[in-house]
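**Student:** Below is one structure. I have some questions about it.
Chains as they are written, first to last, in the numbering used here: chain A, 4 to 462; chain B, 4 to 462.
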């Protein structure tokens, strides 16, 4: 009897989590991973730190090799193998390997883990030299090489989300100016105005120029000869709705969208944000086909709605669930609450749940509290952090939290993420028995101070 | 019409929280605080850092003065005023001020916040010079003065709990040996063996000698002339069941007990650990009498039993509840889950809920997981921490957690404290959407790795 075959499309976080988990649950299944690019199993989230030079070489970001997966987990990982078509009715994929004709490969179970791709930007001049995406290891290595070889004095970042902020820190040096252009009215839309203001100040303090409402229209190269714009040479200037800027290097951080073409072409249903629609078992609309990671949607447990929030944590978790279920199990991915953290120079910025704007969009009436409190004892040098909590005015239930400050933010947000999972009220958050010792907290943890303020706001 | 009078006995954390909260809820009430010692409103938990020299002067640990309370909060704080008797039937206290005859003062509401006192140690020679408690600002200032004036080369700490561990770090210098003697079989009984072993190694690495099963029998001074032991002069030697040790200084950290004599004499009911029995409103058995802080018991939400766990956080919270209710409100203190954290040299040590031994004592069958995982990305220098989770074998409910490591422990334990409040199961903990960015966590937070292991142990 032939072994059942699992095919996984995509060899980064979700795909390899799926393959590994499938193997843990099924010793006999044949497991193949097709990755269209040259790299597998690396830390995408570590890429800004490689640019910054904190990670000495790109290999430090690689986790496992195809050889490892073959030898240790009996998983066959193929790089440069692109799946170009899925037939769910025939349960086969069409795969394109270098130098070969397209090959049809049957599957019993399929996991789609194709990830995300840069959202298309309507900007002229994207093919100029010195213009980079930073969404893959290869594109980031290319940027790093460019930085090391060319004399990049003026970098422009397009987009003020997580990646844009991380890249601002990564690119800024005493010798290099960094300008961040955000097309929207606000930087970092994941957080509310109070938090964003602190981020703005930190960027300014570190010499990063920030412009909002600055939609980028065109990049212009040094081969440009007046008249008609052409796309030759190296980027030298950025034209935006808020003015023009000199640039030796442009980094595009304009967001991503789910890479779903082959899934959509196969008739697999799409959901939130255009991602592959999945249920809590990571099942798609097609029998035997699962999806996980940055190409799939997820349930937001706070709003109760399916959303698209591509993050590494979710990718790994969904991958495991898809893998276990593809191997005959029945694991469940409960959902997300929207927790994220980002380092911006000396700041930790974190959020979970719904922002005030997201809550308003969901039609919820809210009460809010914003407090500034010491992350740990001031007499030991503890510094203030800003904490914002948002609750449902009618029920008192916590809806979201945001924090920013020089220390003690990243894991503190997790307390509130846990509270969101448990649907705690502001009163229940205020009652939490949180740890205290002077080197680590104040006797009233900032979270509790904010919760008390929130209780007043709810009255 | 006379103003109603609130008397608060005790002017540190619980007492002043009570007085302040009473004022917030009642503008008209007369509020008096009687403190028998010279100091009010200081950070008890900061005392070890004053000894260590991290807090430059003791005044940094003072929070507010009696003048502040008078001017800002219309609260009259009396130091050196000792309440020596309570009559609950007549609603009055007998108060002793310096140079005056005992005075009877009527109250309408009373808050007992007398704190804790060193548990009596059956040790000879406690009145020798060079022997110190560290449970008040004054006793700690005395120790600091002694350390600054005498040439203390050999310090012995009696007791291996939180204070003993903090004092080991505070006292150790390159020139000064520190020996820690614990009478029990284990150091730091708040944690299980795996965690304690890491603490032991850290103490050894920092040159602190630790002996367990080392009950101290006698301290001997330099005026000792053979034959009968006397108690004159300065301490020079410590005799314990595990041998004798030279010492220029002895710090007693043998634990505390609730200071309840006047409450007990007044016929007020005592509860867990001999502390004043209170309900969730901080009411005692006597009408109009509340108790809060280190002299009161508290409900452990995990075991469902009342317990005695004197900690600053609980004192402040209970104080507020007692104060609000003494002022006519109806606030509630939900209870504790037993969260605590302590710094031991380069280690953060944290715990919440029940330890394995406490769970066993409560008659619970448990499953456990112990994992070692990186607190943040290894390629950014992240170090491993040890995480232990304990769950109820029959229900899967989380019962407790312990962590130890060089970073990222203190606030991470709060996630599990929150999970305990919400009565989450191991599966629900595994599903938590915790924050991730390489500078702050691993993509699988150590908590989630431990939760997964715990799920396996529960199978």
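Just so you know, even glycine gets a beta-carbon here, dropped at the ideal spot from N, CA and C.
In chain order, which alpha helix (DSSP H) runs of at least 4 residues are fully inside the stretch 320-384 of chain A?
**Tutor:** 359-364, all fully within the stretch 320-384 of chain A.
**Student:** Need the endpoints of the alpha helix (DSSP H) that residue 265 (chain B) sits in, please.
**Tutor:** Where residue 265 (chain B) is concerned, the enclosing alpha helix (DSSP H) stretches over 264-268.
**Student:** For a minimum of 4 consecutive residues, which ranges assigned as the alpha helix (DSSP H) are wholly contained in the stretch 198-227 of chain B?
**Tutor:** Counting whole runs of 4 or more residues, the stretch 198-227 of chain B contains no alpha helix (DSSP H) stretch at all.
**Student:** Please report whether the beta-carbon of residue 434 (chain B) lies at a distance below 8 Å from any beta-carbon of chain A.
**Tutor:** Taking Cβ atoms only, chain A reaches closer than 8 Å to residue 434 (chain B), which makes this a yes.
**Student:** For residue 31 (chain B), count the other beta carbons within 10 Å of its own beta carbon; 16 or more makes it buried, fewer makes it exposed. Which is it?
**Tutor:** Exposed, since its Cβ has fewer than 16 Cβ neighbours within 10 Å.
**Student:** If you pair each beta-carbon of the stretch 363-373 of chain B with each one of the stretch 67-86 of chain B, do three or more pairs fall below 8 Å?
**Tutor:** No, they do not touch.
**Student:** Residue 221 (chain A) and residue 89 (chain A): beta carbons closer than 8 Å?
**Tutor:** No; because the gap between Cβ atoms is not below 8 Å, this pair is not in contact.
**Student:** Quick check: what's the CA-CA separation for residue 455 (chain A) versus residue 216 (chain A)?
**Tutor:** Spanning the two alpha carbons is a distance of roughly 36 Å.
**Student:** So, do the stretch 422-439 of chain A and the stretch 424-443 of chain B have three or more beta carbon pairs nearer to each other than 8 Å?
**Tutor:** The stretch 422-439 of chain A vs the stretch 424-443 of chain B: in contact.
**Student:** Cβ of residue 431 (chain B) less than 8 Å from any chain A Cβ?
**Tutor:** Chain A contact via Cβ: present.
**Student:** Measuring CA to CA, which of B:120, B:200, B:390 and B:457 is closest to residue 40 (chain B)?
**Tutor:** The candidate whose alpha carbon is nearest that of residue 40 (chain B) is B:120.
**Student:** Using a Cβ-Cβ cutoff of 8 Å, what residues of the stretch 349-364 of chain A are near chain B? List them in chain order.
**Tutor:** Those would be 351, 353 and 355, in chain order.
**Student:** By Cβ distance, which residues of its chain are closer than 6 Å to residue 87 (chain A), with the 5 residues on each side in sequence left out?
**Tutor:** Closer than 6 Å at Cβ, skipping near neighbours: 97 and 99.
**Student:** Any Cβ of chain B within less than 8 Å of the Cβ of residue 345 (chain A)?
**Tutor:** By this cut-off, residue 345 (chain A) is an interface position.
**Student:** Which one or two residues does DSSP pair with residue 29 (chain B) in a beta bridge?
**Tutor:** In DSSP, residue 29 (chain B) forms no bridge with anything.
**Student:** Of the choices B:298, B:299, B:84 and B:271, whose alpha-carbon is the least far from that of residue 290 (chain B)?
**Tutor:** The candidate whose alpha carbon is nearest that of residue 290 (chain B) is B:271.
**Student:** Mind checking if residue 282 (chain A) is an interface residue toward chain B, Cβ cutoff 8 Å exclusive?
**Tutor:** So no, residue 282 (chain A) is outside the interface.
**Student:** Are the stretch 105-123 of chain B and the stretch 50-65 of chain B touching, with three or more C-beta to C-beta distances below 8 Å?
**Tutor:** Counting Cβ pairs under 8 Å, fewer than three are found: no touch.
**Student:** How about the stretch 410-417 of chain A and the stretch 273-286 of chain B: do they share at least three Cβ pairs that are nearer than 8 Å?
**Tutor:** Contact between the stretch 410-417 of chain A and the stretch 273-286 of chain B is absent, because fewer than three Cβ pairs lie under 8 Å.
**Student:** Thinking C-alpha only, which one of B:315, B:335 and B:321 is nearest residue 344 (chain B)?
**Tutor:** Measuring from the Cα of residue 344 (chain B), the nearest candidate turns out to be B:315.
**Student:** Answer yes or no: do residue 262 (chain B) and residue 117 (chain B) have a C-beta to C-beta separation smaller than 8 Å?
**Tutor:** Result yes, Cβ atoms of residue 262 (chain B) and residue 117 (chain B) sit closer than 8 Å.
**Student:** Name the DSSP beta bridge partners of residue 428 (chain B), please?
**Tutor:** B:400.
**Student:** Going by the DSSP bridge assignment, what does residue 2 (chain A) pair with across the sheet?
**Tutor:** Any question about residue 2 (chain A) goes unanswered here, given that chain A covers just 4 to 462.
**Student:** Between residue 319 (chain A) and chain B, is there a C-beta pair that is closer than 8 Å?
**Tutor:** Chain B contact via Cβ: present.
**Student:** To which residues of the same chain is residue 156 (chain B) closer than 7 Å at the C-beta, ignoring the five residues directly before and after it?
**Tutor:** Once the five neighbours on either side are set aside, the close Cβ partners of residue 156 (chain B) are 178, 179, 180 and 251.
**Student:** By a C-beta neighbour count over all protein chains shown, 10 Å radius and 16 as the cutoff for buried, is residue 283 (chain B) buried or exposed?
**Tutor:** When all chains shown are included, residue 283 (chain B) counts as exposed.
**Student:** Tell me the rounded alpha-carbon separation between residue 440 (chain B) and residue 22 (chain A).
**Tutor:** Going from the Cα of residue 440 (chain B) to the Cα of residue 22 (chain A) covers about 24 Å.
**Student:** Which residue marks the beginning of the beta strand (DSSP E) containing residue 391 (chain B), and which one marks its end?
**Tutor:** 387-395 is the extent of the beta strand (DSSP E) around residue 391 (chain B).
**Student:** Taking only the alpha-carbon atoms, compute the straight-line gap between residue 286 (chain B) and residue 20 (chain A) and give it to the nearest angstrom.
**Tutor:** Cα-Cα distance, rounded: 54 Å.
**Student:** Using the rule of at least 16 other Cβ atoms within 10 Å of the residue's Cβ for burial, across every protein chain shown, is residue 14 (chain A) buried or exposed?
**Tutor:** Buried is the call here.
**Student:** Does any CB atom of chain E fall closer than 8 Å to the CB of residue 175 (chain B)?
**Tutor:** Considering every chain present, this structure includes no chain E. Its protein chains are A and B.
**Student:** Which term fits residue 386 (chain B), buried or exposed, when burial requires 16 or more other beta carbons within 10 angstroms of its beta carbon?
**Tutor:** Counting Cβ neighbours within 10 Å, residue 386 (chain B) comes out exposed, since fewer than 16 surround it.
**Student:** Could you tell me which chain B residues have their CB closer than 9 Å to the CB of residue 382 (chain A), listed as they occur along the chain?
**Tutor:** Those are 46, 49, 52, 53, 57, 58, 59, 63 and 64, listed as they occur along chain B.
**Student:** Mind listing which residues of the stretch 408-428 of chain A have their C-beta closer than 7 Å to chain B's C-betas, in chain order?
**Tutor:** Result list: 411, 413, 414, 415, 416, 417, 418, 420, 421, 422, 424, 425 and 427.
**Student:** Against chain A, does residue 231 (chain B) count as a neighbour if the rule is that its beta carbon must be under 8 Å from one of theirs?
**Tutor:** Model confidence at residue 231 (chain B) stands at a pLDDT of 48, short of 50, so the residue's coordinates are unreliable and nothing is read from them.
**Student:** Closer than 8 Å, CB to CB, is residue 37 (chain B) near chain A or not?
**Tutor:** Residue 37 (chain B) does not count as touching chain A.
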